[in-house]
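Residues in the sequence shown are numbered consecutively from 69, following the working numbering.
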Amino acid sequence: MIEYFVAKRYLRSKHRLNFISIISIISTIGVTLGVAALIIVLSVFNGFGSLVTSMLINFDPHLRITSTEIKNNNFTEIKDFLEKSDLVESYSGYVEGKVILTNSKSMEILNIKGIAVDDEAGLKRLEDRVKSGEMDLNDEGNVGKIIISLPIAIRLSTKVTDTIYTTSAVQIKNSITRMSMPKTKAMIVSGIYEISNKEYALEYCFTSISSAQTLLNMNNQISGIEVNLYDLNNSEDFKAELLQKFPNDNLIINTWYDLHKDLYRVMLIERWAAYILLSLIIAVAAFNILSSLTMSVLEKKKDIGILRAIGTTKGSIKKIFMFEGILIGIIGTVLGIIIGLFICYLQINFNIYPLDASKYVIDTLPVQVKFSDIFAVALMSFILTFFASKYPANRALKTKVLDAIKWE
Numbered sequence: 069m070i071e072y073f074v075a076k077r078y079l080r081s082k083h084r085l086n087f088i089s090i091i092s093i094i095s096t097i098g099v100t101l102g103v104a105a106l107i108i109v110l111s112v113f114n115g116f117g118s119l120v121t122s123m124l125i126n127f128d129p130h131l132r133i134t135s136t137e138i139k140n141n142n143f144t145e146i147k148d149f150l151e152k153s154d155l156v157e158s159y160s161g162y163v164e165g166k167v168i169l170t171n172s173k174s175m176e177i178l179n180i181k182g183i184a185v186d187d188e189a190g191l192k193r194l195e196d197r198v199k200s201g202e203m204d205l206n207d208e209g210n211v212g213k214i215i216i217s218l219p220i221a222i223r224l225s226t227k228v229t230d231t232i233y234t235t236s237a238v239q240i241k242n243s244i245t246r247m248s249m250p251k252t253k254a255m256i257v258s259g260i261y262e263i264s265n266k267e268y269a270l271e272y273c274f275t276s277i278s279s280a281q282t283l284l285n286m287n288n289q290i291s292g293i294e295v296n297l298y299d300l301n302n303s304e305d306f307k308a309e310l311l312q313k314f315p316n317d318n319l320i321i322n323t324w325y326d327l328h329k330d331l332y333r334v335m336l337i338e339r340w341a342a343y344i345l346l347s348l349i350i351a352v353a354a355f356n357i358l359s360s361l362t363m364s365v366l367e368k369k370k371d372i373g374i375l376r377a378i379g380t381t382k383g384s385i386k387k388i389f390m391f392e393g394i395l396i397g398i399i400g401t402v403l404g405i406i407i408g409l410f411i412c413y414l415q416i417n418f419n420i421y422p423l424d425a426s427k428y429v430i431d432t433l434p435v436q437v438k439f440s441d442i443f444a445v446a447l448m449s450f451i452l453t454f455f456a457s458k459y460p461a462n463r464a465l466k467t468k469v470l471d472a473i474k475w476e
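Laid out in structure tokens, this is it:
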């Protein structure tokens, strides 16, 4: 169309590097840098998000089912349902409660979690983190086995094979009512685990489900069921299916996302903050486009008058300057996408920005490019440049033909 070719000619046919053309170049560079920066930063956020999720999933189940009214028959029905479901890879009951760990040197209040011996997924998640000792939760007579974290081991000044004593909040409550000393259970430290998740490292220790039941006076009851699915992405749908299937059981079902909702909310806020701040670069570039096009309208006043005199419609005049601004935005956006993807490619394949593994849990800056991010950035860039072009284009329509060509 004629409007496009005229706009393209205005951009290319610069006989000298004047002030207006310099602003146009700066605008293009601004859009390029803004788009590239957004793609790189969002890809880094994606990389960290995937890394955090993989680290959490390696230690957490996909779903955790508990109930405000723990009844064995309810859990039995749920287990039957889980057994028949094609979405479920594995499931197992667990026991959890508050305990006090003591030795001759210190005392710590922790959550103790009892794992079933047939819970392969739960045992595997813990076994992968045990760095000292061994993954052994089998009781030796009346003496149980316990696995604690490295920070807790340091606080208690204990090591593998040492004996520590445990007592639960339930036993302390019973001892107060009976006016007697609370019962304690001797346990051998069979292993010490390490994990970057401070919530687990500072709050959780692990034992067999039978030891936990004895310690917490739960007989054969369980605190809940942990479920692993074949596909992590089915967690929310399966949660809804369970709630619909058992509406009267007062179930509390948390997906892997629910268990760390606050963390993901913080990450989402940081992502949006970065998106908004870096979008200001493109917004400033769009303002420069508005300025350069406004001055271009003044400079091309004579051309506008001649075009109007030979019959060019006001709509065509408007399209010429709209296309000129949009072309600047498209060129900047395309260059920004290319540069952003190229830098992401270099980081993914050649690790151009390594991290110190002694300070961080990873040795490379994680990057994950998503098409949805590229589309969102490109769309936002196009919208900003489109609206930046509207004012100069509308101003061009106000040019009076006689005033523009009266000296020609």
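Just so it is clear, CB atoms sit at the ideal spot from N, CA and C, and this is done for glycine as well. As the structure is a computational prediction, the values presented were derived from the model and not from experiment.
### Message
Rounding to the nearest angstrom, what Cα-Cα distance links I146 and G190 in this structure?
### Response
19 Å
### Task
Can you check DSSP and say which residues form a bridge with N179?
For N179, which the question treats as bridged, DSSP gives the partners K166, Y272.
### Cutoff 7 Å; reference V167; Cβ partners in own chain excluding five residues on either side
L178, I180, T234, T235, S236, L283
### Coarse secondary structure for T282, derived from DSSP in three states
Residue state, collapsed to three classes: helix.
#### Entry: Spatial distance of V185 from S449 (CA atoms)
56 Å
### Message
Please classify K387 as buried or exposed, where buried requires at least 16 neighbouring CB atoms within 10 angstroms.
### Response
buried
### Query
Would you call M286 buried or exposed, if buried means 16 or more other Cβ atoms sit within 10 Å of its Cβ?
With 16 or more Cβ atoms within 10 Å of its Cβ, M286 is classed as buried.
### Query
Does the region 221 to 233 touch the region 254 to 266, meaning 3 or more C-beta pairs lie closer than 8 Å?
yes
### Query
How about K253 and G212: are their beta carbons less than 8 Å apart?
yes
### Query
Where D431 and N114 are concerned, what is the direct C-alpha to C-alpha distance, given to the nearest angstrom?
17 Å
### Query
Where do the N-terminal and C-terminal ends of the alpha helix (DSSP H) with Y343 fall, by residue?
Per DSSP, Y343 belongs to the alpha helix (DSSP H) from 329 to 367.
### Task
Would you identify the three-state DSSP class for A254, choosing helix, strand or coil?
strand
### Task
Count the other CB atoms, across all protein chains shown, that sit within 10 Å of the CB of D154; report buried if there are 16 or more and exposed otherwise.
exposed
### Query
Can you name the start and end residues of the alpha helix (DSSP H) that Y459 belongs to?
439 to 464
### Exposure of S457, with buried meaning 16 or more beta-carbon neighbours within 10 Å
buried
### N322 versus T245 - alpha carbon distance
35 Å
#### Entry: Per-residue DSSP class, three states only, for R193
helix
### Alpha carbon of I407 to alpha carbon of V445, nearest angstrom
14 Å
#### Entry: Residues that DSSP places opposite S217 in a beta bridge
Y261
#### Entry: For V198, the three-state DSSP class (helix, strand or coil)
strand
### Secondary structure of N114, DSSP reduced to three states
When secondary structure is reduced to three states using DSSP, N114 falls in the helix class.
### Query
When burial is assigned at 16 or more other CB atoms within 10 Å of the CB, is I220 buried or exposed?
buried
### Task
Leaving out five residues on either side along the sequence, give the residues of the same chain with a beta carbon under 8 Å from the beta carbon of P129.
A189, G190, E294, V295, N296, W324
### Task
Could you check the C-alpha separation between K173 and I420 for me, to the nearest Å?
48 Å
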